[in-house]
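Reviewing the structure listed below.
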Amino acid sequence: MTKRLFMKGNEAIAMAAIEAGCRYYFGYPITPQSDIPEYMSRELPKLGGEFIQAESEVASINMLLGASATGVRAMTSSSSPGISLKQEGISYMSGAELPGVIVNICRSGPGLGGIDASQADYFQAVKGGGHGGYHIIVLAPASVQEMYDLTMLAFDLSDIYRVPAMILGDSVVGQMKEPVVPNKRPATELPPKNWVVRGKGDGEQRVVKSLYLGDGELEAHNWKLHGRYQELRDKETRWEEFMLDDAELVVTAFGSAARIAKTAVMAARDNGIKVGLLRPITLFPFPEKAFRAVTERCKRVLDIELNAGQMVEDVRLSVARDAEVFFYGRPPGAGSLPTPEELLEQIKKYYV
Amino acid sequence: MQQVFKKPVSLKDVQTHFCPGCHHGTFHRIVAEAMDEFGVQKKTIGVASVGCSVFLYGYFDIDVVEAPHGRAPAVATGVKRARPDAFVFTYQGDGDLAAIGTSEIIHAANRGEDMTVIFVNNTTYGMTGGQMAPTTLVGQRTSTSPYGRNQGKDGAPIRMAELLAQLEGVGFSARVAVNNPKNLMDAKRQIKKAFRYQVEGKGFSFIEALSACPTNWGMNPISANERVGTEMCDYFPLGVFKNAADL
Ligand SMILES: Cc1ncc(C[n+]2csc(CCOP(=O)(O)OP(=O)(O)O)c2C)c(N)n1
Ligand code: SF4
Chain A
66 MTKRLFMKGN EAIAMAAIEA GCRYYFGYPI TPQSDIPEYM SRELPKLGGE FIQAESEVAS
126 INMLLGASAT GVRAMTSSSS PGISLKQEGI SYMSGAELPG VIVNICRSGP GLGGIDASQA
186 DYFQAVKGGG HGGYHIIVLA PASVQEMYDL TMLAFDLSDI YRVPAMILGD SVVGQMKEPV
246 VPNKRPATEL PPKNWVVRGK GDGEQRVVKS LYLGDGELEA HNWKLHGRYQ ELRDKETRWE
306 EFMLDDAELV VTAFGSAARI AKTAVMAARD NGIKVGLLRP ITLFPFPEKA FRAVTERCKR
366 VLDIELNAGQ MVEDVRLSVA RDAEVFFYGR PPGAGSLPTP EELLEQIKKY YV
Chain B
416 MQQVFKKPVS LKDVQTHFCP GCHHGTFHRI VAEAMDEFGV QKKTIGVASV GCSVFLYGYF
476 DIDVVEAPHG RAPAVATGVK RARPDAFVFT YQGDGDLAAI GTSEIIHAAN RGEDMTVIFV
536 NNTTYGMTGG QMAPTTLVGQ RTSTSPYGRN QGKDGAPIRM AELLAQLEGV GFSARVAVNN
596 PKNLMDAKRQ IKKAFRYQVE GKGFSFIEAL SACPTNWGMN PISANERVGT EMCDYFPLGV
656 FKNAADL
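Residue numbers (my numbering), protein chains in the order written: chain A, 66 to 417; chain B, 416 to 662.
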C-alpha cells in the first residue's frame, strides 16, 4: 500500500525538495513559512547537505545563485516582504540562466501587511518582479499534495529550462494539514549541466554571468531568454478543469481561492446552475489556450482572487474575443477570506 | 636561454581595459601568481563583483560567477558550501564591499567561510565616475563630495581590514599596497598567506589592497601612486591585523 502521511503544506514542500535531490537551502525567517527552514535545518545535515540561515533575504538568494552556479539543486523560501528583497537576485539568476526554486508563502498587502492568506503577489511573481524584463516559472498549489508534487516539478522544470521556478502559496495551503502521498521522484530526463562552474581543470573556462557588452550580444541573449519563455508557454502550461463540459459560466481561481470556489461551484450545481471551474496551476506560463478553448463555447467568466484584481488581466487577454470577464475579489486583510456562500451569490449574479 | 620572468598561467595573455596607472592590473597579476604558486588555478572558482573589476573572467583563466553589486561574499558562500573542494575567492571594490555589501561581507566573515576576499580600496567608486565611497578620505573631493568629504555629515572613512579583524570567524586580515617595490613584495607575501589559509582549510582570509584611481582622482599616474603611499597609508596603515593560525 502506498504510504500516506498527514502533514502541513510547508512541510510537504520541504519534504518534496529533499526527495527531488535538493541538498542546499538558504533562508531567513518570516511567517508564515518558517516551517520550511526549520525542517531543512533539521533534515539536511543528516543527508550531508547544507542549511544556512542567512543574514537577510538578499544574502540568501545570492547564496542560492552561487550554489546553483555549481550545478547542485538548491532552494530558498520566504514570504512577500522577503521576496521583494530577493528580486534583485532573481533577476540576476534569470539573466545568468540559473535554475533554482524559490517558495513564496504570501502575506497580505504592501509593506509589512499581515500574515493572512493573500494572492496580492501575483503581479510580482508572474510579471518579472525584478528589473530587466524576464519571467520565472510560477506554480500555484491548491492542496498539500500539490505542495509536494509541484515542488518536485519546479525543480525539474527549472533545470530543464534554466529558468528559476517559484511556488506561490499562502498561509492557507502552507499551514493546513492534509494527507499526502509522498510520491517518489519521477525519472525525468534532465539535460546535462555542462555550463556549471567547477574549477576548469583541463577544460575550457566557464563563466556564469548576465553582463553582455559586445555589439548585439545582449539583444541576442535576451531573445534567447524570451524564446525559452515561449517554449514554456507552448509546452508546460498546466491547469485543472472541473465540470466545464456543459458549463454556461466559467469560474476561475488559483491556489487556495480555487478551493473555496470549487465548493461554491458544487453548491451551485446542487442548485441546478451549470457552472464549472478552470483552475490555472501554472501562472507562468499562463494557460492561455485553455481559456481560449473554453470561452470559444462558454462566453462568461467569473474570476475570483484574494486580491483586488491581478490574474484577471491575464484572463482577459486569454479568453475568446467576445467573452465577458467579471471579477470578484477581496483585498487581503484579517478575516477577509470569502466564504463559499459569498461566492455562490456571485455565481448567481453572473449566471444568466 | 633561461626564461626568468613570464606571465602567470592563471592570467590570460590579453590587454586589460584598466586606465594607465590603475593598480587593479597589478593586483590581478599578483593574485594570479599566488594562484600559480599554490597550483589552484584548475580548481578555482572566482566571484566577480560590480565595478572596474567586473571583467575578471576576461583576464583570469579560471571559472567565474558574476555577483550582483555587493553580494559576492554571499554568492561565494553558496559556491563554497556546494563545492568545498574548490578554491573560492571574491574580488571587490570599496563601493562594492564597504557600502552596498557591508552586510554580506561581515556575515560571511563572521561565519568563517573558507574563502579569500581581495578588497581593492581606491577611495572612490571608479566605474561610475568617481563618486564618494565609504573609504573616501576626509576632505577628499569627489563628484558627490564636491566640497570635500565632511566627517560631521558623511562619517569617517571605514577601515575594513581592522573592522573585520575583530570578528571571531576571520583567520587572516591584512592591508597591502603596491605603490613601491618593497610594498609590492610584501603584498605578494600577504596574498600568499591569505591563500594558504584557504588551501589549508583554516578559514576566512581578507586582503585590503590600497589602489590608485588616477582617472577619478584627477591625477597623473605618478602623483596618484604617490598619494597611495602618503595620504592613503596615513589613514589606512599597512600591516597584518589578524593572523589567527600564525601562518
Ligand atoms: C545595485 C547597484 N547599484 C549601483 C550600481 C552601479 N555601480 C556600478 S559600479 C559601481 C561602483 C563600484 O565601485 P567600487 O566597488 O569602488 O569599484 P571600482 O570601480 O572603484 O573598482 C556602482 C555604484 C550597480 N551596478 N548596481
Ligand atoms: S576608473 Fe579608476 S579603478 Fe577604474 S580602471 Fe580607471 S583607474 Fe582603475
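Even glycine gets a Cβ: it sits at the ideal position worked out from N, Cα and C.
Owing to the predicted nature of the structure, the values given are computational and were not obtained by experimental measurement.
A distance below 7 Å between beta-carbons, with the five flanking residues on each side excluded, links Lys327 (chain A) to the following residues of its chain, in chain order: Phe307 and Leu342. Sequence-distant Cβ neighbours of Gly197 (chain A) in its own chain, meaning closer than 6 Å and more than five residues away, are Ser156.
The beta-carbon separation of Phe587 (chain B) and Ser620 (chain B), rounded to 4 Å, stays under the 8 Å limit for a contact. Relative to ligand 1, the nearest heavy atom lies less than 7 Å away from the CB of Tyr540 (chain B). Put simply, the CB of Met128 (chain A) is near chain B, with a gap under 8 Å to one of its CB atoms. Nearest to Val614 (chain B) by C-alpha distance, out of B:Ser464, B:Glu452, B:Ile520 and B:Ser468, is B:Glu452. DSSP, reduced to helix, strand and coil, places Pro396 (chain A) outside both helices and strands of the structure shown, so it counts as coil.
A buried status is given to Lys73 (chain A), since no fewer than 16 other beta-carbon atoms sit within 10 Å of its beta-carbon. Closer than 7 Å to some heavy atom of ligand 1: that describes the Cβ of His484 (chain B).
Think of a sphere of 9 Å around the beta carbon of Gly264 (chain A): the chain B residues whose beta carbon falls inside it are Val455, Gln456, Lys457, Lys458, Thr459, Ile460, Ile477, Asp478, Arg498, Asp500, Ala501 and Phe502, in chain order. Here Trp632 (chain B) is buried, its C-beta having at least 16 other C-beta atoms within 10 Å. Secondary structure at Ile83 (chain A): helix, using DSSP grouped into helix, strand and coil. For Thr492 (chain B), the neighbours in chain A by C-beta distance under 9 Å run, in chain order, Phe91, Ile117, Ala119, Ala124, Asn127, Met128, Gly131 and Ala132.
In the DSSP assignment, Arg604 (chain B) falls within the alpha helix (DSSP H) that extends over Pro596 to Val614. At a cut-off of 8 Å between beta carbons, Ala230 (chain A) makes no contact with chain B. Along the segment 152–166 of chain A, going in chain order, the ones with a CB nearer than 8 Å to a CB of chain B are Glu153, Gly154, Tyr157 and Ala161.
Looking only at A:Cys171, A:Val203 and A:Val168, the smallest Cα-Cα distance to Leu348 (chain A) is reached by A:Val203. Those residues of the segment 234–251 of chain A placed with their C-beta closer than 8 Å to a C-beta in chain B do not exist. For Asp368 (chain A), DSSP records a beta bridge to A:Thr317 and A:Phe392.
Listed as beta-bridge partners of Gln118 (chain A) by DSSP are A:Gly92. Residue environment analysis places Glu76 (chain A) among the buried positions, since at least 16 neighbouring C-beta atoms fall within 10 angstroms of its C-beta. Sequence-distant partners of Met128 (chain A) (beyond 5 residues in either direction) whose C-beta falls short of 7 Å from its own C-beta, in its chain, are Phe91, Ile117 and Ala119. With a contact defined as Cβ atoms closer than 8 Å, Ser143 (chain A) and Ala182 (chain A) miss out at about 16 Å. Per DSSP, Ile520 (chain B) is not a residue of any beta strand (DSSP E); the alpha helix (DSSP H) it occupies stretches across Thr517 to Arg526.
Arg486 (chain B) has a beta carbon lying within less than 8 Å of a beta carbon in chain A. Beta-bridge partners of Lys657 (chain B) (DSSP): B:Ser588. Taking the Cα of Phe392 (chain A) as reference, the smallest distance to any Cα among A:Arg362, A:Phe351, A:Ala332 and A:Leu314 is reached at A:Leu314. A distance below 6 Å between beta-carbons, with the five flanking residues on each side excluded, links Pro352 (chain A) to the following residues of its chain, in chain order: Thr302, Trp304 and Pro345. Here DSSP, grouped into helix, strand and coil, assigns Cys467 (chain B) to coil. Against chain A, a Cβ distance below 8 Å from Tyr472 (chain B) picks out Gln270, Val272 and Lys274. Contact between the segment 432–452 of chain B and the segment 382–401 of chain A is absent, with fewer than three C-beta pairs closer than 8 Å. Judged by their CB atoms, Gly394 (chain A) and Ile369 (chain A) are nearer to each other than the 8 Å cut-off. The continuous stretches of beta strand (DSSP E) do not include Asn537 (chain B), and DSSP gives it neither H nor E. Proximity of the beta carbon of Thr551 (chain B) to ligand 1 is not indicated: no heavy atom of the ligand is located closer than 7 Å.
Linking Gly644 (chain B) to Asp186 (chain A) through their CA atoms gives a straight-line distance of about 53 Å.
Looking at A:Met158, A:Glu254, A:Thr96 and A:Ser383, the one whose alpha-carbon comes closest to that of Met231 (chain A) is A:Met158.
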